[in-house]
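Numbering (the numbering used here), first residue to last: 4 to 141. Below is one structure; the comments refer to it alone.
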């Protein structure tokens, strides 16, 4: 392949990563493609050798990615919503699930204590368990 095909592929992968955002797989594959483009520009015309270089760089992506992004821990409690204010969409009574709106999204909400919150009442998130918010009156 000619060098400009590798460069174009690399730019396309980087652009896709910017649109998708997140895991860096496409970004690093794009960088690998650009590097192979530079190798091809330097005079290496063998497609087999270019693919070998791309494969080796692609395999090293895992090592680079594991150092760039810390491992995700799923057992950590969710604390980013604790203290946030929302609105009860339905009545939230002790022992029963209701609905609350927070940040423009409706969540399953449960009373954190023995108080009932009427529909439309302000609520504050006390803790999060799974996808349920435990709330108290604001």
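For glycine and all other residues, C-beta sits at the position ideal for the given N, C-alpha and C.
Secondary structure of residue 89 (DSSP, three-state): strand.
When 105, 47 and 35 are compared, the shortest CA-CA separation from residue 61 is found for 35. Following the DSSP letters along the chain, one finds residue 104 inside the beta strand (DSSP E) bounded by residues 101-105. About 14 Å separates the CB atoms of residue 47 and residue 10; that is not less than 8 Å, and the two are not in contact. Taking the C-beta atoms as reference points, residue 138 is found no nearer than 8 Å to residue 122. About 5 Å separates the CB atoms of residue 68 and residue 27; that is less than 8 Å, so the two are in contact. Where residue 40 is concerned, the enclosing alpha helix (DSSP H) starts and stops at 28-44. Beta-bridge partners assigned by DSSP to residue 98: none are found. Rounded to whole angstroms, the Cβ separation of residue 124 and residue 112 is 11 Å, and the two are not in contact under 8 Å. Scanning its chain for C-beta atoms nearer than 8 Å, with the 5 sequence neighbours on each side dropped, one finds around residue 140 the residues 118, 120, 124, 125, 126 and 127, in chain order. In the DSSP annotation of this structure, the continuous segment of the alpha helix (DSSP H) that includes residue 19 starts and ends at 6-23.
Note on residue 7: under 16 other CB atoms within 10 angstroms of its CB, so exposed under the neighbour-count rule. Within 10 angstroms of the beta-carbon of residue 89 lie 16 or more other beta-carbons, which makes it buried. One Cα belongs to residue 84, the other to residue 130, and the distance between them is close to 8 Å.
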